[in-house]
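As numbered in mature numbering (1 follows the signal peptide of the UniProt record, and there is no 0), residues -27 to -1, 1 to 285 make up the sequence shown, in order.
The C-beta atom is built at its ideal place from N, Cα and C for all residues, glycine as well.
For clarity, every value in this text was computed on a predicted model and none was experimentally measured.
Input: a single structure, listed below in structure tokens.
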Amino acid sequence: MKSVVLRVLSRSLLSLTLASVSLSSHAQQLGHYIGGFTGLENGSSPPPGLYVASFGLIEPIDSIRGPAGNTVLKPDINVGGAIAAYSVTTEKKFLGAEYGLAFMVPVLNTRFNSNLFDATEVSAGLSDILFMPINLGWTKGKANYTVNYSFYAPTGEFDPNSALNPGLGFWEHQIQGGLTYNIDKKKLWNTSGLTTWEINHSKLGTNLKTGPIFTGEYSFGRRFFKYQMNAGVVGYASQKLSPDSGLPPLLSGYLDRAFGVGGEWKYTDIKHKLAFDVRYQQQYGVQLRTSGQVLIFSITFLNMLPPPKPAK
């Protein structure tokens, strides 16, 4: 579908911008991927072509939650970032799927990543780059399927003795699988789901290692304006699968988690080769993580092959 072109970029390439708002004295370590960074049609791969995107994100954090979901700290933090993302889907087939690859460069990133933290301090710079060497997409009837593998390289500045760091300081493997299903014959109503599995290495210069994390994201939407617009409800659930290692005894053995729900609006302007996306989610049910809101907006240049015809 025309409006799925933002999906890979938004689901995988902007996932690490806000990932490390983690305070070891109150919260556990986070991976690079943040729940809620994908939404409508996140179980689809884009059609063949080149996609160049610019993302902006804003995450106001209003609390840090303890093991029982209780508020242990109420900071005044605003985390933001700007990202350049690049994605290519080829016309060649592999295992019956269209093959693509992508990478993301966070050109500006502000994050909080330590147990020693000053709410008035700001850290910005190049963060950890994501590479997606394998992205596969299938279409069968009213359903689209996707499977991909990515890894994050610790290219961002990281000092284990610093309270603020642009990078997370560790390598991470990420595997995703998803499905988008068009409910009615006209393919106006649509639903989707995407699962993300994170496998992390130890932080450079420390014995801290983030446990594996599972995130499930979902959406339900409807297309308008000759399929160029899609709007609907989005949400996610994120759960640590096994405890972090190297943490202080106070947090050893705990499994952090978070949920989110909100809405999304997408519009694809075929004539001008541009796509626009705005997604907002409110976090809830958070344990051992920061809690707040997430706003994501993006503009993507589309060079699809072959070029689709503009809607009349």
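Between Asn180 and Phe143, which are expected to be in contact by the criterion C-beta below 8 Å, what is the C-beta distance as a whole number of angstroms?
Locating residue 180 in the sequence shown gives position 207, where the first residue counts as 1. Locating residue 143 in the sequence shown gives position 170, where the first residue counts as 1. At roughly 12 Å, the Cβ-Cβ gap does not stay under 8 Å, so Asn180 and Phe143 are not in contact.
Using a Cβ-Cβ cut-off of 6 Å (strictly less than) and excluding sequence neighbours within five positions of Asp217, which residues of its own chain qualify?
On the sequence shown, residue 217 is found 244 positions in, with the first residue counted as 1. Within the same chain, Asp217 has close Cβ partners Gln1, Gln2, Thr183, Gly184.
Taking the C-alpha atoms as reference points, what is the distance between Asn117 and Leu46?
To locate residue 117, count along the sequence shown from 1; it is residue 144. To locate residue 46, count along the sequence shown from 1; it is residue 73. For Asn117 and Leu46, the distance between alpha carbons rounds to 43 Å.
Could you check if His5 is buried or exposed, using at least 16 other CB atoms within 10 Å of its CB as the buried criterion?
Against the sequence shown, residue 5 aligns to sequence position 32. With 16 or more other Cβ atoms within 10 Å, it is buried.
Other residues of its chain near Ser165: CB distance less than 6 Å, five sequence neighbours each side excluded:
Within the sequence shown, numbered from 1, the residue matching residue 165 stands at position 192. Counting only Cβ-Cβ distances below 6 Å, and skipping sequence neighbours, we find Glu14, Asn15, Gly16, Thr153, Ser192.
Mind the definition here: the stretch 250 to 261 touches the stretch 31 to 49 only if three or more C-beta pairs lie below 8 Å; say whether that holds.
yes
Near Arg230, which residues of its chain fall below 8 Å by C-beta distance, leaving aside the five closest residues on each side in sequence?
Counted from its first residue, the sequence shown places residue 230 at position 257. Around Arg230: Ala210, Ser211, Gln212, Lys213, Gly258, Val259, Gln260, Leu261, Arg262.
I need the DSSP call for His146, collapsed to helix, strand or coil.
What you label residue 146 is simply residue 173 of the sequence shown in a count that begins at 1. The answer is strand: DSSP assigns His146 an E or B state.
Less than 6 Å between C-beta atoms, sequence neighbours within five positions excluded: which residues of the same chain meet that for Arg252?
Position 279 of the sequence shown, counting from 1, holds the residue named residue 252. Cβ within range, chain order: Gly12, Glu237, Ile269.
Would DSSP call Ala116 helix, strand or coil?
Your numbering for residue 116 matches position 143 in the sequence shown. Here Ala116 sits in strand by DSSP.
From which residue to which residue does the beta strand (DSSP E) around Arg195 run?
Your numbering for residue 195 matches position 222 in the sequence shown. Its beta strand (DSSP E) spans residues 186 to 197.
Given a threshold of 16 other Cβ atoms within 10 Å of its Cβ, counted over all protein chains shown, does Ser60 qualify as buried or as exposed?
By one-based count along the sequence shown, residue 60 stands at place 87. When all chains shown are included, Ser60 counts as buried.
Between the beta-carbon of Glu32 and the beta-carbon of Gln266, is there less than 8 Å?
Your numbering for residue 32 matches position 59 in the sequence shown. Your numbering for residue 266 matches position 293 in the sequence shown. Yes, they are a contact pair.
Taking just the CA atoms, how far does Asp250 sit from Asp242?
As a working note, residue 242 is residue 269 in the sequence shown. As a working note, residue 250 is residue 277 in the sequence shown. Cα to Cα, the separation comes out at about 11 Å.
Compute the beta-carbon to beta-carbon distance between Leu161 and Arg196, rounded to the nearest angstrom, for a pair I have assumed lies under 8 Å.
Numbered from 1 along the sequence shown, position 188 holds the residue referred to as residue 161. Numbered from 1 along the sequence shown, position 223 holds the residue referred to as residue 196. Leu161 to Arg196, Cβ: 5 Å. Contact.
With DSSP as the reference, label Asp242 as helix, strand or coil.
The residue given as residue 242 occupies position 269 in the sequence shown. Strand, per DSSP.
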